[in-house]
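Asks: Residue numbers (the numbering used here), protein chains in the order written: chain A, 31 to 416; chain B, 54 to 423; chain C, 56 to 246; chain D, 215 to 391.
Positions of the beta carbon are idealized from the N, C-alpha and C atoms, including for glycine.
Values in this document were obtained by computation on a predicted structure and should not be read as measured data.
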Amino acid sequence: MEGIVRDVIIALIKIAIVLGGVALGVAYSTYLERKVAGWIQVRFGPMRVGPHGLLQPIADGLKLFIKEDIMPRQADKLIFYLSPVICLVPAFAVLAVIPWGPDFYITDLNIGLLYIFAVASLGIFGIVMAGWASNSKYPMLGGLRSAAQMVSYEVSLGLSVIGALIFAESLSMVGIVEKQMTTGVWFVFLQPVGFVIYFICGLAETNRLPFDLPEAEQELVAGFHTEYSAMKFAFFFLAEYTNMIVVSSIATTVFLGGWGSPFAFLGIEFPRSLGIVKSVLDFGMPIFWFLLKVFLLMFFMIWVRWTFPRYRYDQLMNIGWKVLLPFAILNIIFSGLEFTLYEELDWYLFYPLAWLIMGVMVVFGFRLIKNFDQFSYSKMREEGIE
Amino acid sequence: MEEKGFGTEELIVNMGPQHPSTHGVLRLLLTLDGEKVVDCEVIIGYLHRGVEKLAENRDYKQNIILTDRLDYLASMTNNLAYVQAVEKLMDVKVPERAEYIRVTVAELQRIASHLVWLGTHAMDIGAMTVFLYCFREREEILNLFEMLCGARLTYNYMRIGGVSCDLPDDFAGKAYKFVEKFPKLIDEYEVLLTKNRIWLDRTVGVGVISGEDGIDLGLSGPNIRGSGVEWDVRKAEPYSIYDRFNFQIPVGEKGDTYDRYLVRMEEMRQSNNIVKQALEQLPEGEIMAKVPRIIKPPKGEVYHSIEAPKGELGFYIVSDGTSTSPYRLKIRPPSFVNLESFKKMIKGHLVADVIAIIGTLDIVLGEVDR
Amino acid sequence: MEDYIKVKREVGNRKDEMWYAFLQDLKAGLCLTLGYLFKKKITMQYPYEKSTAEWSIPLRWRGLHALSADENGRLKCIMCLQCMKICPDHCIKIRFSGAGKERVLEEFTVDLSRCSACGLCFEACPVNSITKAIVPTEKYELSVYSREGLVYKKEDLLKNWYDSVKSRIALEKAENMKKEEVKKEEKSVES
Amino acid sequence: MNPETMNELINYLIFGSLAFIILASAIMVITRKEVVHSALFLILCFFGVAGLYIQLRAQFLAAVQILVYAGGIMVLYLFVILLVNRKVIEETKRSKSFKKIFILVGLVLLLEFVLIFTGTVLKEGVKEKIVEESFNMGSTEYIGGILYTKFLFPFELVSLVLLAAMIGAIVLSKRKI
Numbered sequence: 031m032e033g034i035v036r037d038v039i040i041a042l043i044k045i046a047i048v049l050g051g052v053a054l055g056v057a058y059s060t061y062l063e064r065k066v067a068g069w070i071q072v073r074f075g076p077m078r079v080g081p082h083g084l085l086q087p088i089a090d091g092l093k094l095f096i097k098e099d100i101m102p103r104q105a106d107k108l109i110f111y112l113s114p115v116i117c118l119v120p121a122f123a124v125l126a127v128i129p130w131g132p133d134f135y136i137t138d139l140n141i142g143l144l145y146i147f148a149v150a151s152l153g154i155f156g157i158v159m160a161g162w163a164s165n166s167k168y169p170m171l172g173g174l175r176s177a178a179q180m181v182s183y184e185v186s187l188g189l190s191v192i193g194a195l196i197f198a199e200s201l202s203m204v205g206i207v208e209k210q211m212t213t214g215v216w217f218v219f220l221q222p223v224g225f226v227i228y229f230i231c232g233l234a235e236t237n238r239l240p241f242d243l244p245e246a247e248q249e250l251v252a253g254f255h256t257e258y259s260a261m262k263f264a265f266f267f268l269a270e271y272t273n274m275i276v277v278s279s280i281a282t283t284v285f286l287g288g289w290g291s292p293f294a295f296l297g298i299e300f301p302r303s304l305g306i307v308k309s310v311l312d313f314g315m316p317i318f319w320f321l322l323k324v325f326l327l328m329f330f331m332i333w334v335r336w337t338f339p340r341y342r343y344d345q346l347m348n349i350g351w352k353v354l355l356p357f358a359i360l361n362i363i364f365s366g367l368e369f370t371l372y373e374e375l376d377w378y379l380f381y382p383l384a385w386l387i388m389g390v391m392v393v394f395g396f397r398l399i400k401n402f403d404q405f406s407y408s409k410m411r412e413e414g415i416e
Numbered sequence: 054m055e056e057k058g059f060g061t062e063e064l065i066v067n068m069g070p071q072h073p074s075t076h077g078v079l080r081l082l083l084t085l086d087g088e089k090v091v092d093c094e095v096i097i098g099y100l101h102r103g104v105e106k107l108a109e110n111r112d113y114k115q116n117i118i119l120t121d122r123l124d125y126l127a128s129m130t131n132n133l134a135y136v137q138a139v140e141k142l143m144d145v146k147v148p149e150r151a152e153y154i155r156v157t158v159a160e161l162q163r164i165a166s167h168l169v170w171l172g173t174h175a176m177d178i179g180a181m182t183v184f185l186y187c188f189r190e191r192e193e194i195l196n197l198f199e200m201l202c203g204a205r206l207t208y209n210y211m212r213i214g215g216v217s218c219d220l221p222d223d224f225a226g227k228a229y230k231f232v233e234k235f236p237k238l239i240d241e242y243e244v245l246l247t248k249n250r251i252w253l254d255r256t257v258g259v260g261v262i263s264g265e266d267g268i269d270l271g272l273s274g275p276n277i278r279g280s281g282v283e284w285d286v287r288k289a290e291p292y293s294i295y296d297r298f299n300f301q302i303p304v305g306e307k308g309d310t311y312d313r314y315l316v317r318m319e320e321m322r323q324s325n326n327i328v329k330q331a332l333e334q335l336p337e338g339e340i341m342a343k344v345p346r347i348i349k350p351p352k353g354e355v356y357h358s359i360e361a362p363k364g365e366l367g368f369y370i371v372s373d374g375t376s377t378s379p380y381r382l383k384i385r386p387p388s389f390v391n392l393e394s395f396k397k398m399i400k401g402h403l404v405a406d407v408i409a410i411i412g413t414l415d416i417v418l419g420e421v422d423r
Numbered sequence: 056m057e058d059y060i061k062v063k064r065e066v067g068n069r070k071d072e073m074w075y076a077f078l079q080d081l082k083a084g085l086c087l088t089l090g091y092l093f094k095k096k097i098t099m100q101y102p103y104e105k106s107t108a109e110w111s112i113p114l115r116w117r118g119l120h121a122l123s124a125d126e127n128g129r130l131k132c133i134m135c136l137q138c139m140k141i142c143p144d145h146c147i148k149i150r151f152s153g154a155g156k157e158r159v160l161e162e163f164t165v166d167l168s169r170c171s172a173c174g175l176c177f178e179a180c181p182v183n184s185i186t187k188a189i190v191p192t193e194k195y196e197l198s199v200y201s202r203e204g205l206v207y208k209k210e211d212l213l214k215n216w217y218d219s220v221k222s223r224i225a226l227e228k229a230e231n232m233k234k235e236e237v238k239k240e241e242k243s244v245e246s
Numbered sequence: 215m216n217p218e219t220m221n222e223l224i225n226y227l228i229f230g231s232l233a234f235i236i237l238a239s240a241i242m243v244i245t246r247k248e249v250v251h252s253a254l255f256l257i258l259c260f261f262g263v264a265g266l267y268i269q270l271r272a273q274f275l276a277a278v279q280i281l282v283y284a285g286g287i288m289v290l291y292l293f294v295i296l297l298v299n300r301k302v303i304e305e306t307k308r309s310k311s312f313k314k315i316f317i318l319v320g321l322v323l324l325l326e327f328v329l330i331f332t333g334t335v336l337k338e339g340v341k342e343k344i345v346e347e348s349f350n351m352g353s354t355e356y357i358g359g360i361l362y363t364k365f366l367f368p369f370e371l372v373s374l375v376l377l378a379a380m381i382g383a384i385v386l387s388k389r390k391i
């Protein structure tokens with residue numbers, strides 16, 4: 031009985047820390063987004079609230095909190111209220127299995143990754159429902175777009191990690207990281223194509239540019255959340271950034287060695303003489319590495335957003351089904367071969383060979399699916415085939 | 054079960070007059086089949102101020118400030134067109150230095166206007182950053198104009214017979230500095246867009262219009278040159294002193310959004326070239342011709358058109374010979390005429406292309422509605 | 056030199072194929088924006104910062120109107136009504152009493168709520184002793200809480216003149232001219 | 215109270231609440247007027263079922279249940295609901311022949327359940343056997359192993375059927391071949 035109570039309390043504490051940390055992280059990732067956007071565009075970004083605008087997220091949150099909550103008269107009230115919550119809850123629920131450090135995760139499921147994909151696929155309901163419940167045309171179009179987009183990209187997203195899973199031999203998030211620690215190789219070096227596909231699909235799943243069609247502000251005003259204001263809007267906002275964190279953390283776990291230090295191959299360990307400092311460092315450093323990798327990936331997502339134009343809806347679908355999916359499947363086939371080679375060959379033979387095959391695969395794949403590829407699609411139109 | 058119940062239904066979406074990417078108060082009534090645009094009705098007039106009627110009650114000098122407010126992104130060329138029309142009516146010879154200054158500012162204005170086009174067009178397609186880069190350079194041009202005439206948008210700089218004030222001392226130096234560095238900055242925009250696969254996907258084959266159709270619809274400016282029609286008023290009927298400069302007019306081939314993009318990019322380079330030459334050749338001398346204080350042109354009528362950044366901008370003025378205000382003033386605004394082709398371009402494209410095509414037409418509602 | 060040139064349209068070039076296969080077009084864009092991340096920023100932190108090394112409000116700026124005065128504090132306006140007549144928006148109102156040389160300026164009102172800042176009034180002014188009688192100042196922060204605040208009376212316009220940089224420049228100029236005149240007189244006396 | 219009865223109590227509590235959710239939401243699905251509401255309750259129902267799977271230690275099945283049914287199929291349902299004209303839905307709902315068919319299907323299902331339950335679960339000893347056997351059944355390894363050994367042929371057959379369905383879908387949706 032005591033055991034159960036203790037477990038529950040520890041679990042609650044962990045949940046509180048993770049949720050609190052992530053909520054703060056989300057708040058400050060909006061700050062990061064705006065700062066990076068500003069710097070890229072030769073301006074400063076937020077500067078007024080606090081030193082260098084550091085309190086800006088808090089001010090934004092307060093503003094959203096006290097804003098007028100508008101409800102369209104024709105809206106379906108129940109669903110209109112529910113959909114921001116439906117959007118946010120899966121995003122947070124996924125955090126349960128993300129291993130921030132070797133001893134720091136809420137839980138470790140043996141179906142970890144599957145759980146993530148299952149739960150993450152639910153966030154879309156929030157968007158579709160929001161689009162429908164608003165009873166307005168722009169949100170409706172946004173909702174429809176997002177439904178089609180999420181369903182399409184989820185397939186490639188799931189397939190892209192399978193290559194890495196072949197090497198990991200486990201679905202548990204902790205297991206995947208530990209495998210990378212024991213073999214000493216991050217899966218991104220074995221599966222660069224998988225990583226790229228995963229990342230592109232991740233961008234699409236989080237509705238980030240160049241795939242932010244559900245909320246393309248230039249066409250659909252704000253897409254599915256056009257009619258939302260105040261805290262309900264803030265929920266969508268929170269969900270979007272939480273999803274960014276989630277996608278980055280999964281990429282970190284599966285491809286970038288999780289909490290492993292990039293300097294692990296040097297074999298440096300903290301000396302015993304440090305005493306309690308050593309145990310703090312031993313606990314803290316992995317978390318630091320994990321967060322650093324997540325930060326870098328999020329930075330990359332933001333960087334991409336402020337560099338590229340946006341795809342059109344039909345092009346988005348074409349890329350999802352006609353480029354990414356064939357590549358993901360090719361990658362799985364290749365991964366089988368690669369795994370055999372990995373077992374048989376020494377590393378100095380394996381890497382050049384694997385990378386060579388990978389290069390050939392990309393070139394071959396690009397040629398093979400060229401007729402479906404967007405770029406060649408433009409070329410086709412150029413030549414007047416269509 | 055009746056089968057007709059399962060047919061698809063068209064969705065009518067009202068885009069604008071308040072919409073982030075209709076470039077002002079343009080209203081589009083789109084009939085959509087899914088995401089496909091089946092039909093489109095363009096509704097204008099939300100910014101109508103009756104400029105042409107107002108002009109009949111103001112004297113010739115006061116009308117210059119009305120032209121500022123037509124295409125408010127290119128006031129200088131509007132001024133130029135009007136002023137030259139009146140000069141043609143009165144048969145005034147403008148001093149050399151004034152002509153050079155006019156060409157300099159008009160071409161700088163063309164660059165500024167094209168920068169706004171590029172920025173907003175790219176932003177409509179999703180590339181926010183290009184917008185801010187473009188506005189950074191436009192800001193420098195506006196600073197130059199501000200130094201020159203004390204205003205940033207509605208310059209009211211040209212006068213009948215010359216320009217209102219001479220160049221300030223440091224103008225030529227600053228302008229030259231800008232002209233020197235600008236081509237490199239165009240290259241930067243091109244890195245972000247020209248070969249980018251997303252940009253290609255969004256622009257190639259979108260909004261195609263053939264040269265013949267373009268001529269039928271009265272398209273002008275970069276829009277018709279994108280379709281391969283060699284028509285530029287600066288070359289075809291040289292006005293001012295354009296025949297003295299070395300420059301080329303870029304022409305596209307397919308007539309799609311990408312071609313119009315390339316044409317405008319090259320045009321910026323050429324304009325930059327003209328500004329450079331004009332600054333180098335700038336003569337000393339008067340800036341105003343001898344015109345009477347009260348302008349009363351002889352009885353008659355005149356049509357004069359110039360190559361504004363958006364296309365052929367024409368002024369038709371009728372003077373009764375007794376009044377100090379025009380009897381009739383009619384404007385041929387390029388944006389208004391170019392907008393005619395919108396319906397033809399959009400048929401069969403998707404919603405996202407609507408904004409791409411509005412962007413590529415480069416309309417300014419101040420000019421469309423007048 | 057040819058008048059018209061074809062633009063270079065490189066779409067679907069065979070030689071670019073590998074370039075696109077390995078996402079090099081995207082890389083080029085990303086590198087450019089990354090470079091900008093560390094470049095000097097151009098924002099001016101208005102209103103904390105009102106001018107930078109590159110930019111300050113130019114003297115020709117068509118800002119708030121002012122009625123200029125000479126070094127003795129007398130208004131330069133000669134009540135010729137040129138500015139009132141040229142104003143397309145009819146925002147200047149002048150009233151004077153007396154006639155001929157004894158005219159006294161009673162009222163000079165500029166209604167900024169109608170003004171479109173065209174600058175024709177400044178140009179029309181026939182006075183030309185160092186400055187014109189009605190001049191634009193460099194002031195651009197014109198917002199007020201009531202419409203009445205936008206109507207500038209004679210006294211306000213004079214106050215604008217003394218607030219602006221131009222009055223100082225004009226005073227300096229006037230002093231310089233005086234000195235020169237004195238010098239000239241001295242010279243002429245000497246010769 | 216000793217830990218075992220405690221555990222059992224908790225188990226029953228969880229099962230009870232899950233069962234309640236499933237039943238209640240299932241009833242809501244067929245009684246709601248607005249189709250989208252029905253769809254939402256159906257999702258809730260799926261969740262209840264997934265919860266049951268977890269209680270049976272079939273985590274893999276639970277995840278797949280949510281991934282496929284809630285995440286995939288329901289989205290498509292919603293998609294269709296959003297696209298179809300409301301009038302059509304209402305008309306279909308009001309049509310009496312449909313009601314008859316539904317009632318018939320329901321009766322057949324009920325009959326099946328009764329047969330299954332009397333045939334297996336309610337028999338002596340069967341329950342214990344099932345519990346024993348299914349202890350490991352839900353794990354990913356077990357399912358993977360059994361799919362590629364014992365059920366390899368059916369598995370391949372199913373994939374062939376799916377392939378055929380896929381091609382069929384492509385052919386059907388393509389307007390001109």
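Beta strand (DSSP E) containing residue 303 (chain B): first to last residue?
Replies: Element bounds for residue 303 (chain B): 302 to 304.
Asks: When the cut-off is 8 Å and only beta carbons count, does residue 154 (chain A) lie next to chain D?
Replies: With 8 Å as the cut-off, residue 154 (chain A) counts as an interface residue toward chain D.
Asks: Can you name the start and end residues of the alpha helix (DSSP H) that residue 243 (chain C) belongs to?
Replies: Counting along the chain, the alpha helix (DSSP H) containing residue 243 (chain C) begins and ends at 220 to 245.
Asks: Under 8 Å, do residue 141 (chain A) and residue 273 (chain D) count as touching if we go by C-beta distance?
Replies: Result yes, Cβ atoms of residue 141 (chain A) and residue 273 (chain D) sit closer than 8 Å.
Asks: Using a Cβ cut-off of 8 Å (strictly closer), state whether residue 145 (chain A) contacts chain D.
Replies: By this cut-off, residue 145 (chain A) is an interface position.
Asks: Establish whether the CB of residue 274 (chain D) and some CB of chain A are separated by less than 8 Å.
Replies: By this cut-off, residue 274 (chain D) is an interface position.
Asks: With DSSP run on the structure shown, which of helix, strand or coil describes residue 307 (chain B)?
Replies: Reduced to three states, the DSSP call for residue 307 (chain B) is coil.
Asks: Which same chain residues, not among the five before or five after residue 114 (chain B), have their C-beta less than 8 Å away from its C-beta?
Replies: Here the set comprises 212, 213 and 348.
Asks: Whose C-alpha, out of A:331, A:290 and A:240, is nearest the C-alpha of residue 273 (chain A)?
Replies: Considering only alpha carbons, the answer is A:331.
Asks: Taking 7 Å as the limit between beta carbons, can you name the residues of its chain near residue 402 (chain A), skipping five residues before and five after?
Replies: Its pLDDT being 48, under 50, residue 402 (chain A) is placed unreliably by the model, and nothing is read from it.
Asks: Of the residues that make up the segment 179 to 208 of chain A, which ones have a beta carbon closer than 8 Å to any beta carbon in chain D?
Replies: Within the segment 179 to 208 of chain A, the qualifying residues are 180, 181, 184 and 201.
Asks: Given that a residue counts as buried once 16 or more other Cβ atoms are within 10 Å of its Cβ, and exposed if not, what is residue 406 (chain A)?
Replies: In this prediction, residue 406 (chain A) has a pLDDT of 49, which is less than 50 and means its spatial position is unreliable; nothing more can be read from the coordinates.
Asks: For chain D, find out if any of its Cβ atoms is closer than 8 Å to the Cβ of residue 216 (chain A); answer yes or no.
Replies: Cβ-Cβ to chain D under 8 Å: no for residue 216 (chain A).
Asks: Could you tell me which of B:343, B:301 and B:334 sits nearest to residue 323 (chain B), measuring between CA atoms?
Replies: Measuring from the Cα of residue 323 (chain B), the nearest candidate turns out to be B:301.
Asks: Taking Cβ-Cβ distances shorter than 9 Å, what residues in chain C pair up with residue 396 (chain A)?
Replies: Correct list: 72, 73, 75, 76 and 77.
Asks: Quick one: give me the first and last residue of the alpha helix (DSSP H) that residue 316 (chain A) is part of.
Replies: Residues 306 to 335.
Asks: Please work out which residues of its chain come closer than 6 Å, Cβ to Cβ, to residue 204 (chain A), disregarding the five sequence neighbours upstream and downstream, and give them in chain order.
Replies: Here the set comprises 129 and 138.
Asks: How would you write the range of the beta strand (DSSP E) that residue 152 (chain C) sits in, first residue to last?
Replies: Run containing residue 152 (chain C): 147 to 152, per the beta strand (DSSP E) assignment.
Asks: Under the rule that 16 or more other beta-carbon atoms within 10 Å means buried, what is residue 254 (chain B), buried or exposed?
Replies: Burial call: buried.
Asks: Taking 7 Å as the cut-off, is the C-beta of residue 225 (chain D) nearer than that to any heavy atom in the ligand FAD?
Replies: This structure does not include the ligand FAD; it has no bound ligands of any sort.
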